[in-house]
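From first to last, the protein sequence lines are chains A and B.
Read in order, the letters of the first sequence are residues 1 to 350 in our numbering.
Read in order, the letters of the second sequence are residues 351 to 700 in our numbering.
Heads up, the thing below is written out as structure tokens.
Protein chains: 2
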Amino acid sequence: MDLTERKRRILRAIIESYIQSAEPVGSKAIAQAIGMEVSSATIRNEMADLESMGLLEKPHTSAGRIPSVQGYRLYVNELMEEHKLSLQETERINQALRLKMQELDRVLDQAGRVVSQLTNYPAFALSSGMERVTIRRFDLLMVERNAFIIVVMTDSNIVRNRLIRLPSDLTEAQLQLLNTLLNTTFTGLTLEEITPELMRVAQHAAGDSYGLISLVVSFAIEVLESLERRTVHTSGLAHLLELPEYRSLDRAQPLLSYLSEDTDPARFPIPKDDPMKILIGPENVADALKDTSVVVASYDIGDGMRGVIGVVGPTRMDYAKITARLSYLAEGLSRLFGRGELPDGRDDHK
Amino acid sequence: MDLTERKRRILRAIIESYIQSAEPVGSKAIAQAIGMEVSSATIRNEMADLESMGLLEKPHTSAGRIPSVQGYRLYVNELMEEHKLSLQETERINQALRLKMQELDRVLDQAGRVVSQLTNYPAFALSSGMERVTIRRFDLLMVERNAFIIVVMTDSNIVRNRLIRLPSDLTEAQLQLLNTLLNTTFTGLTLEEITPELMRVAQHAAGDSYGLISLVVSFAIEVLESLERRTVHTSGLAHLLELPEYRSLDRAQPLLSYLSEDTDPARFPIPKDDPMKILIGPENVADALKDTSVVVASYDIGDGMRGVIGVVGPTRMDYAKITARLSYLAEGLSRLFGRGELPDGRDDHK
DNA sequence: GATTAGCACTCAGGTTGTATGAGTGCTAAA
DNA sequence: TTTAGCACTCATACAACCTGAGTGCTAATC
Numbered sequence: 001m002d003l004t005e006r007k008r009r010i011l012r013a014i015i016e017s018y019i020q021s022a023e024p025v026g027s028k029a030i031a032q033a034i035g036m037e038v039s040s041a042t043i044r045n046e047m048a049d050l051e052s053m054g055l056l057e058k059p060h061t062s063a064g065r066i067p068s069v070q071g072y073r074l075y076v077n078e079l080m081e082e083h084k085l086s087l088q089e090t091e092r093i094n095q096a097l098r099l100k101m102q103e104l105d106r107v108l109d110q111a112g113r114v115v116s117q118l119t120n121y122p123a124f125a126l127s128s129g130m131e132r133v134t135i136r137r138f139d140l141l142m143v144e145r146n147a148f149i150i151v152v153m154t155d156s157n158i159v160r161n162r163l164i165r166l167p168s169d170l171t172e173a174q175l176q177l178l179n180t181l182l183n184t185t186f187t188g189l190t191l192e193e194i195t196p197e198l199m200r201v202a203q204h205a206a207g208d209s210y211g212l213i214s215l216v217v218s219f220a221i222e223v224l225e226s227l228e229r230r231t232v233h234t235s236g237l238a239h240l241l242e243l244p245e246y247r248s249l250d251r252a253q254p255l256l257s258y259l260s261e262d263t264d265p266a267r268f269p270i271p272k273d274d275p276m277k278i279l280i281g282p283e284n285v286a287d288a289l290k291d292t293s294v295v296v297a298s299y300d301i302g303d304g305m306r307g308v309i310g311v312v313g314p315t316r317m318d319y320a321k322i323t324a325r326l327s328y329l330a331e332g333l334s335r336l337f338g339r340g341e342l343p344d345g346r347d348d349h350k
Numbered sequence: 351m352d353l354t355e356r357k358r359r360i361l362r363a364i365i366e367s368y369i370q371s372a373e374p375v376g377s378k379a380i381a382q383a384i385g386m387e388v389s390s391a392t393i394r395n396e397m398a399d400l401e402s403m404g405l406l407e408k409p410h411t412s413a414g415r416i417p418s419v420q421g422y423r424l425y426v427n428e429l430m431e432e433h434k435l436s437l438q439e440t441e442r443i444n445q446a447l448r449l450k451m452q453e454l455d456r457v458l459d460q461a462g463r464v465v466s467q468l469t470n471y472p473a474f475a476l477s478s479g480m481e482r483v484t485i486r487r488f489d490l491l492m493v494e495r496n497a498f499i500i501v502v503m504t505d506s507n508i509v510r511n512r513l514i515r516l517p518s519d520l521t522e523a524q525l526q527l528l529n530t531l532l533n534t535t536f537t538g539l540t541l542e543e544i545t546p547e548l549m550r551v552a553q554h555a556a557g558d559s560y561g562l563i564s565l566v567v568s569f570a571i572e573v574l575e576s577l578e579r580r581t582v583h584t585s586g587l588a589h590l591l592e593l594p595e596y597r598s599l600d601r602a603q604p605l606l607s608y609l610s611e612d613t614d615p616a617r618f619p620i621p622k623d624d625p626m627k628i629l630i631g632p633e634n635v636a637d638a639l640k641d642t643s644v645v646v647a648s649y650d651i652g653d654g655m656r657g658v659i660g661v662v663g664p665t666r667m668d669y670a671k672i673t674a675r676l677s678y679l680a681e682g683l684s685r686l687f688g689r690g691e692l693p694d695g696r697d698d699h700k
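Structural data, given as structure tokens:
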């Protein structure tokens, strides 16, 4: 059967109406929406065709039609018009970017929050995780005679620090010695390459009776681990309950629980090649997401890392609007963090 | 009217049954619970008395009784038996403490999560906020010719850092100069004392044409602000929906929204003098919490700061169990962070 | 005087039956 | 090919009814 232009118009009208109302839409309503060129009976015939093509379905005999997953897919791929962001919307997003994204450390979390506020859907944010991170340099700063600060910087330009106190005193010279030893022995190594063996050797070479080296190195290990570990942040969960499809607790609870237990990042889809991805209903791998849609976008955090932000909602979510906002935000984030241009307020360099 | 020993026993039985079941409890059930020494009719008489004393109430004529706010208050103050934590429970808490609390930075968030997991209620966590924080020292570390790291340490021993890139190159000597200038001019000052005036003077004195000083100082300001600003973290919101009183969306939604929009810490109660506080129903100030109970505990983060963790649940929450777990956890956290014993692995100092 | 058995009464919640209306599919006419 | 008309299907809302748990009161009992 042919997907005529009229069928496409009707399908689109049905989907957009359903996106708005969450109610099955009938032939009469569509006849009106299209502009009364044809009668509702004609629409009915067309709808029957669309249904047999698998693009629509009926919740029951005498209800209107609702889009099927295939229908949404067609809509997203071909029918959907690009949503133009209003000046207000872009301004709001820009403001969010300016205000919230000060600390790189908390980008993930913040990005999720912003997305959720922007879309009124629950959102999640995760980092795509780094592999093969290494420490680029160590710095030890003497604070008091029995306290110093470790500063480590990774090859991906992330800096972490910790204050260490000792049971006994330490001289500046000792610290210097330790510092150079660390920088010669433990830089450029991945997590796996830092073996207990290596530490023992270094400890011996330095004549380190205090176990200082292991203290500092274990901090470095912690940093490397935390960077390799991906974490997920979810936010705006309460938005879910505003949607008619989740007025029933039986529907809402499993999804809410799934999103709340944000332990395992593997459960959230990440876009591989494209900057943006739309997963409709059963296209999701996770069971709990089987009748929700997920829109994910990725952005460049710089230094080879990518961040991922996503929105979870009912299959009838307003794809046009969501994708527009999400991609605009992702671009903004890329601009902010990517290309080595960190959000420190610094300008472009070299 | 006298609150006889028998009345107290009955009241307690009613409250504990209601805490378990969330169903109004009838005379017969109580007669059984007490041990059938008396008949249900007697219980009925006693219950009528308790009701006229304002300790019980009826949802409607032919239902059982439920505790009133006053009833809960009496229970919490006098009737409640201390809940003994099982070995498993303490072990679980200790493990959570050991595993999760590695980074002081994320204590708040983590503490909230742990509480929520421990109690199966939504939890919130906030810091009591610091006042009059000052920078104790600056360190500038040269990374490349056009990049350096700022490390600032506050008088409360919190260390923060940031990587700064410059449009042009810089010599080690320049950085040294800047470093000493910062340490002589901008240490020991509170947020208010760092005026634009002062910055201009310093900039002039240093002949700082790059605006480097303002770059570094604005980072310092950011750090001070972030420490003074209190933030709230909520977690485990989905637990709310497991409770029968929030099976109805109309009840759950306002509360969920209230807890989700965790912007304003002022909306959450913090215990003033006592280490633990129980707020039952309308004893809460916030409207959205008027028919929930909140249990909060505070713990010592060290250096004069206190953290606050709390649990939100229905008025019929299991006060005995919750308070036991919460206070154990709070003590653990105090031990971990308080008394200058930071989780860095360092020991007591001076 | 305190306790108990018995009984009438109340009321939430579940079940059943019925009406309503939105929407459909099919057929015959335009 | 389109349209009007009609019979048919269901979800939903609503009223009527039943049931069972629980109460308050009264009169008998300890």
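Ideal Cβ placement from N, Cα and C applies to all residues, glycine included.
Residue pairing of VAL201(A) in beta bridges, as defined by DSSP: absent, with no partner found.
Counting the other CB atoms within 10 Å of its CB gives ASN395(B) a total below 16, which places it among the exposed residues. By the rule that beta-carbons nearer than 9 Å mark a contact, GLN110(A) does not touch chain B.
Under the criterion of beta carbons closer than 8 Å, VAL661(B) and VAL645(B) qualify as touching, at roughly 5 Å. At a beta-carbon threshold of 8 Å, the residues of chain B lying near VAL159(A) are ILE499, ASN511, ARG512, LEU513, ordered along the chain. Listed as beta-bridge partners of VAL502(B) by DSSP are PHE488(B), ARG510(B). Within 10 angstroms of the beta-carbon of MET386(B) lie fewer than 16 other beta-carbons, which makes it exposed. Taking C-alpha positions only, GLN176(A) is separated from PHE138(A) by approximately 11 Å.
Across the set ILE270(A), ARG229(A), PHE268(A), PRO24(A), the C-alpha of ARG229(A) shows the shortest separation from the C-alpha of GLU131(A).
The three-state secondary structure of ARG423(B), taken from DSSP, is helix.
A residue is called buried once 16 or more other Cβ atoms fall within 10 Å of its Cβ, and ASN511(B) is buried on that count. DSSP lists THR292(A) as the beta-bridge partner residues of PRO314(A). At a cut-off of 9 Å between beta-carbon atoms, GLU522(B) makes no contact with chain A. In chain order, LEU587, LEU590 place their CB closer than 7 Å to the CB of LEU606(B), counting only its own chain and leaving out the 5 sequence neighbours on each side. In the three-state reduction of the DSSP assignment, LYS272(A) falls in the coil class, being assigned neither a helical nor a strand state. Taken residue by residue, none of the region 284 to 311 of chain A has a beta-carbon sitting less than 9 Å from a beta-carbon on chain B. Counted as a single uninterrupted DSSP element, the stretch harbouring LEU237(A) is not any alpha helix (DSSP H), since DSSP gives it neither H nor E.
In the DSSP assignment, TYR649(B) forms a beta bridge with GLY657(B). Judged by beta-carbon spacing, ILE499(B) lies within the 9 Å limit of MET153(A), meaning their Cβ atoms are closer than that value. Using a C-beta cut-off of 8 Å, the region 591 to 605 of chain B makes no contact with the region 547 to 565 of chain B, since fewer than three inter-stretch Cβ pairs fall below that distance. The C-beta separation of ALA111(A) from LEU333(A) comes to about 6 Å, placing the pair in contact by the 8 Å criterion. Residue burial annotation: HIS60(A) is exposed, with fewer than 16 other C-beta atoms found within 10 angstroms of its C-beta. Against ARG442(B), chain A offers no close residue; the least beta-carbon distance is about 16 Å (beta-carbon pairs closer than 8 Å). For LEU468(B), the closest C-alpha among the options LEU476(B), ARG486(B), GLN445(B), VAL483(B) is that of GLN445(B). Ranked by Cα distance from ALA123(A), the options SER39(A), LEU87(A), PRO314(A) are led by PRO314(A). Of the candidates TYR669(B), LYS408(B), GLU494(B), VAL465(B), the residue whose Cα lies closest to the Cα of ILE659(B) is VAL465(B). Around the beta carbon of ALA555(B), fewer than 16 other beta carbons sit within 10 angstroms, so the residue counts as exposed. In its own chain, leaving out the 5 sequence neighbours on each side, no residue places its CB closer than 6 Å to the CB of SER518(B). Distance from the CA atom of PRO196(A) to the CA atom of TYR299(A), rounded to whole angstroms, is 37 Å.
Against chain B, the CB of GLN203(A) has no partner CB under 9 Å away; the residue lies outside that interface. Taking the Cα positions, PRO417(B) is about 12 Å away from VAL426(B). About 6 Å separates the CB atoms of LEU163(A) and ASN507(B); that is less than 8 Å, so the two are in contact.
Between LEU227(A) and chain B, the shortest Cβ-Cβ separation is not below 9 Å. By the beta-carbon neighbour count (other beta carbons within 10 angstroms, threshold 16), SER412(B) is exposed.
At a cut-off of 9 Å between C-beta atoms, LEU429(B) does not count as an interface residue with respect to chain A. Taking a C-beta distance under 9 Å as the contact criterion, ALA363(B) and ILE380(B) qualify as a contact pair.
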